[in-house]
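Below you'll find the structure, written out as structure tokens, and then a few comments.
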Amino acid sequence: MNGAPPHSATGWLFALPASMGLLVFVALPFLLSVVLSFSNLRMGSPLPLAYVGLEQYRRLFADPAFLQALQNNALFAFVVVPLQTGLALGLALLLNQPLRGQALFRTLFFMPVVFPLALVAVVWVLIFAPGPNGLLNALLHMLSGGAWQPRDFLHDPHWALPAIMLTSIWQGTGFQMVILLAGLQGIPASLYEAASIDGAGPGARFWHITLPGLRNTLIFVALVTTILSFRLFDQVQIMTHGGPRNATATLMFEAVRAVFERQQLARGAAITVVLFLVVLAVAWLQRRISREQRAW
Amino acid sequence: MVSIWRACAYLLLLAAALLFFAPAAFMLIGSLKPDAQVLAEAGRLQAFLPGDISLQNYHDVFVRVAFGRYLGNSLFITVCVVVFGLLVNALAGYALARLEWRGRRLLLAAILAILIIPLEAIAVPLFYELSLLGWRDSYLVQIAPFIANAFSVYLFYSFFLGLPREFEDAARIDGAGSLRIFFYIIVPNSRPAFATVAILTFLTQWSAFLWPLLVTSSERVRPLPLAIANFYTLPPLQWGDIFAFGSMMVAPVLMVFLLLQRWFVRGIAATGLKD
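Here you go:
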């Protein structure tokens, strides 16, 4: 490059507001979270601020509450990701057929996506209401022909996390479905025609054309949902407050608890650094798996 | 054979549609019934049938809490973030896609790196940083941090890359400056990108819960998601009122969604472009 590029001043000026915003409100706090996680910062603490090395992390990984939260996030991902992706794929495949009322169905399945999670959580608290009059309890009672014993889902250590999973699946499936539908529509029709001429049945077409054509999209939605599983917070805060007995506590819930209940900013920062590392690992995994596909 | 398959597909879709619609219907219909009726009918099919329709619950919401205030707060915060965000991020996207300047590649790489950082990962230090600045419990603290958005910049950048250069070159030869070109040529030709970013930003801000929970304490600046979380813990527990609150909270989004559905779906599908 000889001399200054033609739009040097303008380019800088145009990019300046966004760059400043990202620097002050994203990059700086991000660096700060790493720095704070190596300190003993606690609001209102009489102790002087000090560098404590990996002490916060050592304590975290020795703390059963934190490990339980990490495990809850992982379990949530382990159950919700395959269930939700499978459900979304099923709906997308059905909607990809030339059916009447397709647009209406798509609207219905997508609608929960525009519901704020806080509202979803509150509505589902009422759906999970204890006693025979609770909506879900009554529904299960009816479906089981009276065999179902009503329970208090959100206060039952075995049911609280599954209840939150169900809520999240209701809200999130439409999002995945729309992306998968776009992926399905991106598979050239000529491939299916050629396969039909060669005598491939619907099953063969699904395995040999649809699934490979959808591979990267499926990886994308599955891993985005995994990341969302580790960011889980709103539903927990509203529906169960982490209980009963930490059965629904998550990383983010523990971080907020550290800051609010104990003023332990350093601990909160360390938890969010762990959260970020998980997100990074998942994103890296996605790149890797998707890249393999391209190399073939 | 084909018709059997088709009938099965319809049955499956219908069953799924019922399950997906039920919670929303439960809320909307419950909001129009007296509270005692909502409770008594919750376990029966009548929960989904409108009984004695009344707007009493809606009235009660306004009497019991400052709903108008929360709605105004949410609207103000969301509109500010959307409007300023469109301007700031589109300008940056334009500079990255179309102008040549030193540092362009570096900034692009930085933005792609920042893209991966979720709000959750920086919420605690950001809360600390802005507390030090004395920004807590204000509109500013709910607006300023979310105007610049790496994903929005990236969406604009990729869209502008695909625009044909001819118009722009013609205007440049006629002596138009970059700002003029941006507003008179780029913006009018990029409606899909602006709609997509506006919708994604709107949805995110309208639903924001974690951040307002961390930084606000007074009702003065409290947005709707935080308000409904408080409202439902407010004794006495009135299901009808909660449903009325919820219906009013989701109504603006639902209306925009039904009007601009194509754009919503496109916008959400656009998040699939992320890699």
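Chain order of the listed sequences is A and B. For the record, in the first sequence the residue sitting at position 95 is 1393 according to the numbering used here, with numbers rising by one throughout. For the record, in the second sequence the residue sitting at position 26 is 107 according to the numbering used here, with numbers rising by one throughout. Note that CB positions come from ideal geometry on N, CA and C, so glycine has one too. The model shown is predicted, which means the values in this text are computed figures rather than measured ones.
C-alpha distance - Val-1576 (chain A) paired with Phe-1528 (chain A), whole-angstrom precision: 8 Å
Terminal residues of the alpha helix (DSSP H) in which Glu-300 (chain B) lies: Premise fails: Glu-300 (chain B) is in no alpha helix (DSSP H) and is neither H nor E.
Residue burial classification, Gly-1566 (chain A) (beta-carbon count within 10 angstroms, cutoff 16): buried
Pair within 9 Å by beta-carbon distance, Ala-1275 (chain A) and Thr-1570 (chain A): Nothing can be reported for residue 1275 (chain A), as the shown portion of chain A is limited to 1299 through 1594.
For Leu-168 (chain B) and Trp-1594 (chain A), the rounded distance between their alpha carbons: Low local confidence applies: a pLDDT of 37 at Trp-1594 (chain A) is under 50, so the model's placement there is unreliable, with the coordinate-based value given in what follows. When rounded, the distance between both Cα atoms is 41 Å.
Min CB distance Glu-181 (chain B) to chain A below 9 Å: yes
Supposed close pair Met-329 (chain B), Phe-148 (chain B) - CB separation, criterion 8 Å: 7 Å
Min CB distance Ile-1462 (chain A) to chain B below 9 Å: no
DSSP three-state assignment for Tyr-1349 (chain A), whether helix, strand or coil: strand
Cβ-based burial, Met-1463 (chain A) [other Cβ within 10 Å; buried from 16]: buried
Under the three-state DSSP convention, the category Ser-271 (chain B) falls into: coil
Through-space distance from Thr-159 (chain B) to Gly-153 (chain B), alpha-carbon basis: 10 Å
Three-state secondary structure (DSSP) of Ser-84 (chain B): helix
Cβ contact check for the segment 1373–1383 of chain A and the segment 1512–1524 of chain A: 3 or more pairs under 8 Å: yes
DSSP three-state assignment for Asp-356 (chain B), whether helix, strand or coil: In this prediction, Asp-356 (chain B) has a pLDDT of 39, which is less than 50 and means its spatial position is unreliable; what the coordinates show is noted afterwards. Reduced to three states, the DSSP call for Asp-356 (chain B) is coil.
Beta carbon of Ser-112 (chain B) nearer than 9 Å to that of Trp-287 (chain B): no
Sequence-distant residues of the same chain with beta carbon closer than 7 Å to Leu-312 (chain B), five excluded per side: The question names Leu, but residue 312 (chain B) is Phe in the sequence shown. Hits under 7 Å: Val-146, Ile-323, Phe-326.
Residues of the segment 283–297 of chain B whose Cβ lies closer than 8 Å to any Cβ of chain A, in chain order: Leu-284, Trp-287, Ser-288, Phe-290, Leu-291, Leu-294, Leu-295
Arg-185 (chain B) at chain A interface by Cβ criterion, 9 Å: yes
Burial state of Trp-344 (chain B), where buried means 16 or more other Cβ atoms lie within 10 Å: buried
Chain A within 9 Å of Arg-261 (chain B), Cβ atoms only: no
Residues near Asp-356 (chain B) in its chain [Cβ-Cβ closer than 7 Å; skip 5 each side]: Model confidence at Asp-356 (chain B) stands at a pLDDT of 39, short of 50, so the residue's coordinates are unreliable; what they give is reported in the following sentence. The answer is none, since no qualifying residue turns up.
Cα-Cα separation, Pro-1486 (chain A) to Leu-1392 (chain A): 18 Å
Rounded straight-line distance, which links the Cα of Ser-239 (chain B) to that of Ala-289 (chain B): 26 Å
Sufficient close CB pairs (3 or more, under 8 Å) joining the segment 1528–1548 of chain A to the segment 89–103 of chain B: no
Ala-1502 (chain A) at chain B interface by Cβ criterion, 9 Å: no
Nearest neighbour of Leu-1314 (chain A), chosen from B:Asn-170, B:Ser-84, B:Ala-98, B:Glu-122 [CA to CA]: B:Asn-170
Rounded straight-line distance, which links the Cα of Gly-1481 (chain A) to that of Met-1550 (chain A): 32 Å
Buried or exposed (CB count within 10 angstroms, at least 16 for buried), Trp-86 (chain B): exposed
Euclidean distance between Cα positions of Trp-1457 (chain A) and Val-119 (chain B): 24 Å
Test item: CB-CB of Pro-306 (chain B) and Leu-1415 (chain A) under 9 Å: yes
Contacts around Leu-109 (chain B), its chain only, beta-carbon distance under 8 Å, and the 5 residues preceding and following it disregarded: Phe-324, Ser-328
Cutoff 8 Å; reference Glu-201 (chain B); Cβ partners in own chain excluding five residues on either side: Leu-291
Residues near Gln-319 (chain B) by beta carbon distance below 6 Å, same chain, minus five either side: Asp-116
Below-9 Å beta-carbon distance, Gln-1382 (chain A) vs any chain B residue: no
Top-ranked residue by Cα proximity to Leu-1373 (chain A), from A:Ala-1545, A:Gly-1384, A:Ala-1579: A:Ala-1545
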